[in-house]
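S.K.:
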Ligand code: MIC
Ligand code: SF4
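In this note's numbering, the protein residues as written are 1389 to 2030.
1) Roughly how many whole angstroms lie between the Cα atoms of residue 1585 and residue 1556?
2) Among 1994, 1948 and 1965, which has the Cα closest to the Cα of residue 1958?
3) Hey, would you say the C-beta of residue 1921 is under 7 Å away from at least one heavy atom of ligand 1?
4) Could you tell me the boundaries of the beta strand (DSSP E) in which residue 1580 lies?
5) Check the DSSP bridge columns for residue 1538 and list the partner residues they point to.
6) At the level of alpha carbons, what is the spacing between residue 2012 and residue 1801?
7) I need the DSSP call for residue 1909, collapsed to helix, strand or coil.
8) Relative to the C-alpha of residue 2006, which candidate in 1981, 1415, 1565 and 1798 has its C-alpha closest?
9) When the Cα atoms are used, what is the spatial distance from residue 1461 to residue 1663?
10) Is it the case that the CB of residue 1507 approaches a heavy atom of ligand 1 more closely than 7 Å?
11) Check whether the segment 1992 to 2006 and the segment 1964 to 1979 touch, using three or more Cβ-Cβ pairs below 8 Å as the test.
12) Would you say residue 1489 touches ligand 2, meaning its beta carbon is less than 7 Å from a heavy atom?
13) For residue 1563, which residues in the same chain have their Cβ closer than 6 Å to its Cβ, ignoring the five residues on either side in sequence?
14) Is DSSP giving residue 2010 helix, strand or coil here?
15) By a C-beta neighbour count over all protein chains shown, 10 Å radius and 16 as the cutoff for buried, is residue 1641 buried or exposed?
16) Please go through the segment 1778 to 1803 and give each complete beta strand (DSSP E) segment of 3 or more residues, from N-terminal end onward.
17) Round the Cβ separation of residue 1675 and residue 1796 to the nearest angstrom and send it over; I've been treating them as touching at under 8 Å.
18) Just how far apart, CA to CA, sit residue 2030 and residue 1572?
19) Three or more beta-carbon pairs under 8 Å between the segment 1677 to 1688 and the segment 1822 to 1837, yes or no?
20) Is residue 2028 buried or exposed, if buried means 16 or more other CB atoms sit within 10 Å of its CB?
21) Leaving out five residues on either side along the sequence, give the residues of the same chain with a beta carbon under 8 Å from the beta carbon of residue 1889.
22) Helix or strand or just coil, what does DSSP make of residue 1471?
23) I need the straight-line Cα distance from residue 1668 to residue 1540, nearest angstrom please.
24) Are residue 1653 and residue 1561 closer than 8 Å when you measure CB to CB?
25) Helix, strand or coil for residue 1390? Go by DSSP, reduced to three states.
26) Three or more C-beta pairs closer than 8 Å, one from the segment 1586 to 1593 and one from the segment 1681 to 1698: is that the case here?
27) For the alpha helix (DSSP H) containing residue 1450, name the first residue and the last one.
28) Look up residue 1481 in the DSSP assignment and give the residues it is bridged to.
29) Would you say residue 1452 touches ligand 2, meaning its beta carbon is less than 7 Å from a heavy atom?
30) Compare the Cα-Cα distances from residue 1441 to each of 1408, 1477, 1412 and 1463 and report the closest residue.
31) Taking the alpha carbon of residue 1506 as the reference point, which residue from 1864, 1739 and 1449 has its own alpha carbon closest?
32) Can you say whether residue 1451 is buried or exposed, counting buried as having 16 or more other CB atoms within 10 angstroms of its CB?
33) Any chance you could list the beta strand (DSSP E) runs of at least 3 consecutive residues sitting entirely within the segment 1682 to 1725, in chain order?
34) To the nearest angstrom, report how far apart residue 1471 and residue 1872 are at their CA atoms.
35) Quick check on DSSP: helix, strand or coil for residue 1490?
36) Rounded to whole angstroms, what's the CA-CA distance from residue 1422 to residue 1528? Just pull it up for me.
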């Protein structure tokens, strides 16, 4: 039987299990990446594992998220990360060098390799044929220690592309169309593998836009074949020796097939507050815009920025619009400057920011109250921009630029003929912001500022759990709801006692105080609980507040793994209608927790307040149940990695 690209790479890295969807597999990890917002915690965890040097082929530590230094906290974290990298054999990408996913694609990614990143947009690497997966920091720390990565074997979905994109229609519109059709839950438990004749019409940056935002489908990852287009990209980066061809066999078998004719697409836009709330730009054209933000790991490549420069050339940003631009990497910014394109962007009145995540994670540039903000980013969750009542829309660079010039949402097809963008055959290679670790790091001293607090430890799960439901929420709750980010909260990522004060703040500002008063408690959720980012703080901070279980209709993959890693049981309703049988404030008692977990038996939740019983199941492997019994992955890894 023929194999898909994903099956070939997974097969070559398989350490445990078989590729039978839903069953647990373990794969060898070749490369890891971390960013500063998840990295500080990941490295504190790595330190706790007592391993002298990383055991991967390559590990890179990026600083791109917490770059606004309004106090000492972020800068202290950067210094900590730099010293950790030197000590443990990790490459360090300095602040200013760019967004982790963009830089990794340019300088480090290798077709056919596995990459585990402590960031949910790690699948960007699928644009050059990697199996690149996002995970919690603790899973990445374990991978650096040589521990394989465990995941449910995904289904493989073929997204069969035919035709070619029309003028002004972009890769962003491809992924927005998939989100419109499949929703933010559509990719759960699946790898989206792109194939068909349309693939060769897409450049690597376009492919990477699509695989990047596959995270919003909830997919395990997304992947393109590695072909001549990939080779040309790697050649331009002076890395052709990293290339290997990877294609699906003609008779490859897929679990599902989705057909997409590129030539039928139009410019699309995701409306507030979900990336799958997609309509045609034409349908809401004319709406006044207050802010346009261009950049993020989805749309900040040289191609995106040259397109922006060509569209802004000789124009002025509309008086009602603040246009902010963050190039994805130093390479992109340097080439923009050298080619003169940057002058066109600045000349039009854009506010150029450093090469970092910036406004995407609410790190500055929060829009005004009630504003309409058009962004080329990947997420528009409530409050993520830093302004709670702002309305964020997601669009392509073309739509964003046209709207910035006109001051209203504009279908770019009204802008005449599209400028032709020629990418240079050779990119400017200047790795001077990338620091290689010394051969022997054993003498390096780790520098810790006062913001870096010791790691809280998960406690083994008790046999009897009694407490209150502290919060009941609806479907599709994101990690931005659970553990908000933004310029004020992100600097607390290495200080769990402080950051835990903000858990669920956007939904219920009294949550943390109530959790403390009650000495912990429980959360009840709907479908796809914990979608979005990989931030383990969405599990770690609730753990610190004493949350013992979350009962939901279903979970997003990374968040579920994070809950397990921190010893919180992710429970699901045996009967979906039981969601109605449990309310905020109910007292719930569960007995024989440890014994039932050992025997893989359902837990019976006794709703003392209502005098009702609810059966709760959990879809956890033996290893995951052991982790919970051990009191979290850290304790578990210490036991098994020597
Ligand atoms: C995000 O886009 O939400 C982030 C910030 O990059 C996160 C990681 C984090 O919360 O640190 C992600 O997507 O994993
Ligand atoms: Fe950074 Fe935004 Fe990409 Fe997350 S989604 S890595 S915050 S640019």
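Every residue, glycine too, gets a C-beta built ideally from N, C-alpha and C.
M.R.: To lay it out plainly:
1) What you label residue 1585 is simply residue 197 of the chain shown in a count that begins at 1. What you label residue 1556 is simply residue 168 of the chain shown in a count that begins at 1. Near 20 Å, if we compare the C-alpha coordinates of residue 1556 and residue 1585.
2) For the purposes of this step, residue 1958 is identified with residue 570 of the chain shown, where counting begins at 1. It is 1948.
3) As a working note, residue 1921 is residue 533 in the chain shown. The answer is yes for residue 1921.
4) Position 192 of the chain shown, counted from the start, is the residue given in the question as residue 1580. 1578 to 1583 is the span of the beta strand (DSSP E), which, as asked, contains residue 1580.
5) Numbered from 1 along the chain shown, position 150 holds the residue referred to as residue 1538. In DSSP, residue 1538 forms a bridge with 1414.
6) Numbered from its first residue, the chain shown carries residue 2012 at position 624. Numbered from its first residue, the chain shown carries residue 1801 at position 413. Taken atom to atom, the span from the alpha-carbon of residue 2012 to that of residue 1801 is near 51 Å.
7) By 1-based counting over the chain shown, the position of residue 1909 is 521. In the three-state reduction of the DSSP assignment, residue 1909 falls in the strand class, which pools E and B.
8) By 1-based counting over the chain shown, the position of residue 2006 is 618. With distances taken between Cα atoms, residue 2006 lies closest to 1981.
9) As a first step, residue 1461 must be located in the chain shown, where it is residue number 73. As a first step, residue 1663 must be located in the chain shown, where it is residue number 275. Approximately 31 Å between the Cα atoms of the pair.
10) Counted from its first residue, the chain shown places residue 1507 at position 119. Residue 1507 Cβ: within cutoff of ligand 1.
11) yes
12) Looking up residue 1489 in the chain shown gives position 101. Yes.
13) By 1-based counting over the chain shown, the position of residue 1563 is 175. Correct list, in chain order: 1598 and 1601.
14) Here the question's residue 2010 lines up with position 622 in the chain shown. In this structure, residue 2010 counts as helix in the three-state DSSP scheme.
15) In the chain shown, counting from the first residue as 1, residue 1641 sits at position 253. Flag for residue 1641 reads exposed.
16) 1779 to 1782
17) The count along the chain shown starts at 1 and reaches residue 1675 at position 287. The count along the chain shown starts at 1 and reaches residue 1796 at position 408. Right, their Cβ atoms sit about 6 Å apart.
18) Along the chain shown, read from residue 1 onward, the residue named residue 2030 stands at position 642. Along the chain shown, read from residue 1 onward, the residue named residue 1572 stands at position 184. Since pLDDT at residue 2030 reaches only 49, below the 50 mark, its modelled position is unreliable, and no value is offered.
19) no
20) Walking along the chain shown from the start, residue 2028 turns up at place 640. By the 10 Å Cβ count, residue 2028 comes out exposed.
21) Within the chain shown, numbered from 1, the residue matching residue 1889 stands at position 501. Here the set comprises 1900.
22) Stepping through the chain shown from its first residue, residue 1471 is reached at position 83. Helix, per DSSP.
23) For the purposes of this step, residue 1668 is identified with residue 280 of the chain shown, where counting begins at 1. For the purposes of this step, residue 1540 is identified with residue 152 of the chain shown, where counting begins at 1. Each residue's alpha carbon lies about 35 Å from the other.
24) Numbered from its first residue, the chain shown carries residue 1653 at position 265. Numbered from its first residue, the chain shown carries residue 1561 at position 173. Yes. Within cutoff.
25) Taking the first residue of the chain shown as position 1, residue 1390 is located at position 2. Strand.
26) yes
27) Start at 1 with the first residue of the chain shown, and residue 1450 comes out as number 62. Taken as a continuous stretch (DSSP letters only), residue 1450 belongs to no alpha helix (DSSP H), being part of the beta strand (DSSP E) at 1446 to 1450.
28) For this step, residue 1481 is matched to residue 93 along the chain shown. The secondary-structure analysis by DSSP pairs residue 1481 across a beta bridge with 1450 and 1822.
29) Position 64 of the chain shown, counting from 1, holds the residue named residue 1452. Yes; taking the cut-off as 7 Å, the Cβ of residue 1452 has a heavy atom of ligand 2 nearer than that.
30) Within the chain shown, residue 1441 is the residue found at index 53, counting from 1. Selected option, being the one with the closest Cα: 1477.
31) Within the chain shown, residue 1506 is the residue found at index 118, counting from 1. With distances taken between Cα atoms, residue 1506 lies closest to 1449.
32) Indexing the chain shown from 1 puts residue 1451 at position 63. Its Cβ being crowded by 16 or more others within 10 Å, residue 1451 is buried.
33) 1710 to 1713
34) The count along the chain shown starts at 1 and reaches residue 1471 at position 83. The count along the chain shown starts at 1 and reaches residue 1872 at position 484. If you take the alpha carbons of residue 1471 and residue 1872, they lie about 28 Å apart.
35) In the chain shown, the residue the question calls residue 1490 occupies position 102. If DSSP states are grouped into helix, strand and coil, residue 1490 belongs with the helices.
36) Numbered from 1 along the chain shown, position 34 holds the residue referred to as residue 1422. Numbered from 1 along the chain shown, position 140 holds the residue referred to as residue 1528. Roughly 8 Å between the two C-alpha positions.
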